[in-house]
Amino acid sequence: PVVLQAHNLSKTFVLGTEKVHALRQVSLDIQQGSFVAVMGPSGSGKSTLLNLLGLLDLPDQGEVTLAATPTRGLKDDALTLLRREKIGFIFQTFELIPTLSAEENILLTSELAGQLKQAKSRLPALADRLGLTGRLKNRPSELSGGQRQRVAIARALINHPSVILADEPTGNLDSKNGREVLEIFQQGVREEGWTVVMVTHDPAAALCAEKIIFLRDGEVVGETETHSLDARS
Ligand code: ADP
Ligand code: ADP
């Protein structure tokens with residue numbers, strides 16, 4: 002089934018006297034349990050698309066449907082709730098809170114949502130899967146870049162989101178740690194049924210996904226299957 006759908010999304014920004022068509026009538030379907038990469042040159046609309054898919058920004062036209070919920074006309078509160086329940090975000094710069102331990106970073110949103118107990122019970126298995134056991138009491142400054150991104154992945158996943166949206170998740174990592182993150186995504190999709198949408202301009206990273214969607218000048222200009230997860234059991 003389709004877990005996240007973009008239907009005819011358009012978004013224009015006004016810069017002084019100039020209009021920038023960041024997205025033009027973009028439609029796409031993200032299947033549950035799939036790993037999709039969005040590629041395109043700088044300025045092609047990747048971040049804008051991810052912001053709209055993540056309900057962080059609203060389209061001028063078109064609609065995002067998330068987990069069977071059409072979002073057009075929803076009030077900010079409803080959008081926030083839906084985003085918090087259904088989406089896990091992963092950023093290029095990790096966006097961890099420096100004064101909190103890894104564990105506190107991972108659990109913070111669950112705590113705010115009154116879900117601390119459930120989240121705590123899920124933490125050991127997730128930390129184990131991500132190779133973070135033994136690092137949970139450390140602050141971000143005491144962790145390597147790869148470990149920081151794995152903490153951010155744990156934070157995104159602790160509430161069992163319907164979709165993970167990752168914006169250049171390997172952009173600040175060396176190739177070994179980048180590969181590790183991509184393998185974590187592949188393994189999560191294969192074994193745990195995660196759904197991952199990843200924006201990247203790195204072809205090697207995109208090839209780890211099952212499907213690559215190409216953006217150019219705000220339009221979808223191509224789509225290709227990679228068969229990278231075909232060996233899944
Ligand atoms: P990408 O992520 O592929 O680099 P973006 O989605 O960031 O592309 O940007 C697409 C286009 O929209 C670019 O021309 C960019 O300058 C413009 N744009 C994006 N966000 C804004 C904004 N908040 N205000 C004005 N222009 C923007
Ligand atoms: P990324 O590196 O992920 O592509 P960008 O550098 O394109 O991100 O954008 C960073 C932030 O600045 C985003 O929130 C985006 O919406 C905004 N932005 C991008 N282009 C412009 C622009 N031309 N004018 C104003 N804001 C912009």
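Numbered continuously in UniProt numbering, the sequence shown closes out at residue 234. Even for Gly, the Cβ is constructed at its ideal location relative to N, Cα and C. Note that the structure is predicted; figures quoted are calculated from it, not measured.
- Item | Exposure label - proline 2; buried when at least 16 CB within 10 Å | exposed
- Query: In the structure shown, what three-state DSSP assignment does serine 176 receive?
  - Reply: The answer is helix: DSSP assigns serine 176 an H, G or I state.
- Item | ligand 1 heavy atom lying under 7 Å from the CB of serine 11 | no
- Message: Is alanine 7 near ligand 1 - that is, is its Cβ less than 7 Å away from at least one heavy atom of it?
- Response: Incorrect: alanine 7 has no Cβ contact closer than 7 Å to ligand 1.
- Task: Starting from isoleucine 214, follow the beta strand (DSSP E) in both directions and report where the run begins and ends.
- Result: 212-217
- Item | Rounded Cβ spacing between isoleucine 213 and alanine 207 (contact assumed at less than 8 Å) | 5 Å
- DSSP state of lysine 87 mapped onto helix, strand, coil: helix
- Query: Is alanine 23 near ligand 1, going by C-beta to nearest heavy atom under 7 Å?
  - Reply: yes
- Query: CB of phenylalanine 186 to nearest heavy atom of ligand 1: below 7 Å?
  - Reply: no
- Message: Please classify glutamine 62 as buried or exposed, where buried requires at least 16 other C-beta atoms within 10 Å of its C-beta.
- Response: exposed
- Query: Are the beta-carbon atoms belonging to methionine 199 and alanine 167 less than 8 Å from one another?
  - Reply: Yes, these two residues count as a Cβ contact at 8 Å.
- Item | leucine 16 versus alanine 23: straight-line alpha-carbon distance, rounded | 12 Å
- Item | Spatial distance of lysine 20 from isoleucine 31 (CA atoms) | So the two alpha carbons sit approximately 29 Å from each other.
- Item | First through last residue of the beta strand (DSSP E) which encompasses alanine 7 | 3-16
- Expressed to the nearest angstrom, what Euclidean distance is found between the alpha-carbon atoms of aspartate 77 and isoleucine 107? 24 Å
- Is leucine 97 closer than 8 Å to arginine 151 when the C-beta atoms are compared? Contact flag unset, no.
- Counting only runs that start and end within the region 83-136, where is the beta strand (DSSP E) found for 3 or more residues in a row? 88-91
- Below 8 Å, can you find three or more Cβ-Cβ pairs linking the region 124-135 to the region 80-89? no
- Per DSSP, proline 162 forms a beta bridge with which residues? In the DSSP output, where bridge partners are listed per residue, proline 162 has none listed.
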